[in-house]
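K.L.:
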Amino acid sequence: MNSKGEIKKIGILTGGGDCPGLNAVIRAIVKTAIFQYGLEVVGFLDGYGGLIHNRTRMLESADASGILHRGGTILGTSNRDNPFRFPVMVRGKRAFRDISDQSIQNLKKNKVDILIVVGGDGSLTIGYQLYQKGVPLVGIPKTIDNDLWGTDVTFGFDTALQTAMEAIDKLQTTAESHHRVMVVEVMGRYAGWIALEAGLAGGGDVILIPEIPYGIEKVCEAVKKRHDLGKRSSIVVVAEGARPKRGEVVVQRWVEDSTDPVRLGGVGYKVGNEIEKRTGLETRVTILGHIQRGGSPSVFDRVLGTRFGTRAVALAMEKKFGRMVCLRGTKIRDLALEKVRGRQRRVPPNGEIVKTARSIGVSFGD
Ligand code: F6P
Numbered sequence: 015m016n017s018k019g020e021i022k023k024i025g026i027l028t029g030g031g032d033c034p035g036l037n038a039v040i041r042a043i044v045k046t047a048i049f050q051y052g053l054e055v056v057g058f059l060d061g062y063g064g065l066i067h068n069r070t071r072m073l074e075s076a077d078a079s080g081i082l083h084r085g086g087t088i089l090g091t092s093n094r095d096n097p098f099r100f101p102v103m104v105r106g107k108r109a110f111r112d113i114s115d116q117s118i119q120n121l122k123k124n125k126v127d128i129l130i131v132v133g134g135d136g137s138l139t140i141g142y143q144l145y146q147k148g149v150p151l152v153g154i155p156k157t158i159d160n161d162l163w164g165t166d167v168t169f170g171f172d173t174a175l176q177t178a179m180e181a182i183d184k185l186q187t188t189a190e191s192h193h194r195v196m197v198v199e200v201m202g203r204y205a206g207w208i209a210l211e212a213g214l215a216g217g218g219d220v221i222l223i224p225e226i227p228y229g230i231e232k233v234c235e236a237v238k239k240r241h242d243l244g245k246r247s248s249i250v251v252v253a254e255g256a257r258p259k260r261g262e263v264v265v266q267r268w269v270e271d272s273t274d275p276v277r278l279g280g281v282g283y284k285v286g287n288e289i290e291k292r293t294g295l296e297t298r299v300t301i302l303g304h305i306q307r308g309g310s311p312s313v314f315d316r317v318l319g320t321r322f323g324t325r326a327v328a329l330a331m332e333k334k335f336g337r338m339v340c341l342r343g344t345k346i347r348d349l350a351l352e353k354v355r356g357r358q359r360r361v362p363p364n365g366e367i368v369k370t371a372r373s374i375g376v377s378f379g380d
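The numbering used here numbers the first residue of the sequence shown as 15 and each following residue consecutively.
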């Protein structure tokens, strides 16, 4: 910002796990900034890594062409880099250092007046910390998990649902042919939105979500009952964060320098092995994994991403910093980042969608 407080240049970064719709957001920011406000736009590469190491690319209107339908992010991303927790070696031991001042200097070097951060809870929390240190910043919520507090929906979720539902459809046919139980594990971290909605859309018979701890005997009962009724197969949809009533989540790996080092995964095998052992029914397990993060964004995600991107630039021009755009019902709104950080939006266990699923006979294993 110059001495008159005029905004001339916007910086963008995409942080955390990628998701379909990020390019729609980048496109909307670039086009709105250039065409509506005559601004310059610079992208920081690979999330906060680009800010830390000053790796950038200028974004012209031509860079925003032909990217709307592409998954991923043209800027690259990372769910490890954090300017407040930068890994260094001290006397042969790994330690972490706050190098946020250097990152803020890089904003200045690039003459960036406002930074727009497109990210999940980790990236937006870092954004909030930068804002507290005086960086004029606006946030845009993204994640396939749909677990961000403060917005009804994040972009990326709808496309991930479509991918998961199509996979369940495909598993249905092979399950029927072989009279098998098919367990399909989906992503979502500590929220069961993907399992619940893709499970409902794909006709899952059992859906296990983190918000409703399961009893394996109840899961097996539901599967056995279907078999005894003469059903040819059963589909069990398991969220990666699902856990038994008296047990813990299954951790697949630790990513030390990540804002959230825990990577969940593998509960599908645990559930599948138990089903086969206890019911005697042949069971196969599919872990969908990162396929859920890929692909061309759905209509919904392209439109939501475009609305978020455009509104974020408008917010920046109104100098409403430290805020995040969000969807409330059908309207785009904004709220303080301070309210969002450290909170997760999880499935209400007695909410309408869970009740709907129960009404049509879905078991939650409880
Ligand atoms: O937050 C998105 C997400 O895809 C989660 O559903 C999943 O647990 C995690 O990211 C996987 O992260 P990574 O890409 O580091 O394996």
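Cβ coordinates follow ideal geometry from the N, Cα and C atoms, glycine included. Bear in mind that the values here come from a model prediction, so they are computed numbers and not experimental data.
Looking at the unbroken beta strand (DSSP E) that takes in residue 345, where does it start and where does it end?
P.N.:
The sequence position of residue 345 within the sequence shown is 331, counting from 1. 345-350 is the span of the beta strand (DSSP E), which, as asked, contains residue 345.
K.L.:
Between residue 269 and residue 94, how many whole angstroms is the CB-CB distance? I'm expecting something under 8 angstroms.
P.N.:
Your numbering for residue 269 matches position 255 in the sequence shown. Your numbering for residue 94 matches position 80 in the sequence shown. Correct: roughly 7 angstroms between the Cβ atoms.
K.L.:
With a threshold of 7 angstroms, establish whether the CB of residue 201 neighbours any heavy atom of ligand 1.
P.N.:
To locate residue 201, count along the sequence shown from 1; it is residue 187. Flag set: Cβ of residue 201 near ligand 1.
K.L.:
Since residue 295 and residue 233 are thought to touch, with beta carbons under 8 angstroms apart, how far apart are those beta carbons, to the nearest angstrom?
P.N.:
Within the sequence shown, residue 295 is the residue found at index 281, counting from 1. Within the sequence shown, residue 233 is the residue found at index 219, counting from 1. Not a contact, Cβ separation roughly 12 angstroms.
K.L.:
Can you name, in chain order, every residue of its own chain whose Cβ lies under 6 angstroms from the Cβ of residue 123, other than the five neighbours on each side?
P.N.:
The sequence position of residue 123 within the sequence shown is 109, counting from 1. Cβ neighbours of residue 123 beyond the five flanking positions: none.
K.L.:
Can you grab the Cα-Cα spacing for the pair residue 297 / residue 185, in whole Å?
P.N.:
As a first step, residue 297 is located in the sequence shown; it is residue number 283 there, counting from the start. As a first step, residue 185 is located in the sequence shown; it is residue number 171 there, counting from the start. Residue 297 and residue 185: Cα-Cα distance of roughly 12 angstroms.
K.L.:
Using the DSSP secondary-structure output, state which residues sit across from residue 133 in a beta bridge.
P.N.:
One-based indexing of the sequence shown puts residue 133 at position 119. Note: residue 133 sits in a beta bridge opposite 155.
K.L.:
For residue 66 versus residue 97, is the C-beta spacing smaller than 8 angstroms?
P.N.:
Within the sequence shown, the letter at position 52 stands for residue 66. Within the sequence shown, the letter at position 83 stands for residue 97. The answer is yes: Cβ separation under 8 angstroms.
K.L.:
Any heavy atom of ligand 1 closer than 7 angstroms to the CB of residue 355?
P.N.:
Here residue 355 corresponds to residue number 341 of the sequence shown, with the count starting at 1. It does not: the Cβ of residue 355 is nowhere closer than 7 angstroms to a heavy atom of ligand 1.
K.L.:
Starting from the Cα of residue 372, find the closest Cα among 60, 213 and 271 and give me that residue.
P.N.:
Within the sequence shown, numbered from 1, the residue matching residue 372 stands at position 358. That would be 213, whose Cα lies nearest to the Cα of residue 372.
K.L.:
Report the CB separation of residue 204 from residue 355 in whole angstroms; it is logged as a contact under 8 angstroms.
P.N.:
Locating residue 204 in the sequence shown gives position 190, where the first residue counts as 1. Locating residue 355 in the sequence shown gives position 341, where the first residue counts as 1. Residue 204 to residue 355, Cβ: 16 angstroms. No contact.
K.L.:
Mind pulling the beta strand (DSSP E) runs of 3 or more residues that sit fully within the stretch 51-101?
P.N.:
Counting whole runs of 3 or more residues, the stretch 51-101 contains the beta strand (DSSP E) stretches 54-58 and 70-72.
K.L.:
Just curious, the alpha helix (DSSP H) that residue 218 is in, first and last residue?
P.N.:
Translated into the one-based positions of the sequence shown, residue 218 becomes position 204. Neither: residue 218 is in no alpha helix (DSSP H) and is coded neither H nor E.
K.L.:
In chain order, which alpha helix (DSSP H) runs of at least 4 residues are fully inside the stretch 166-231?
P.N.:
Counting whole runs of 4 or more residues, the stretch 166-231 contains the alpha helix (DSSP H) stretches 171-192 and 207-215.
K.L.:
Looking only at its chain, what residues have a beta carbon closer than 6 angstroms to the beta carbon of residue 251, apart from the 5 residues adjacent to it on each side?
P.N.:
Walking along the sequence shown from the start, residue 251 turns up at place 237. Result list for residue 251: 198, 209, 213, 218 and 221, in chain order.
K.L.:
Have a look at residue 378 and residue 29 and give me their C-alpha separation to the nearest angstrom.
P.N.:
The count along the sequence shown starts at 1 and reaches residue 378 at position 364. The count along the sequence shown starts at 1 and reaches residue 29 at position 15. If I take the Cα positions, the gap works out to 33 angstroms.
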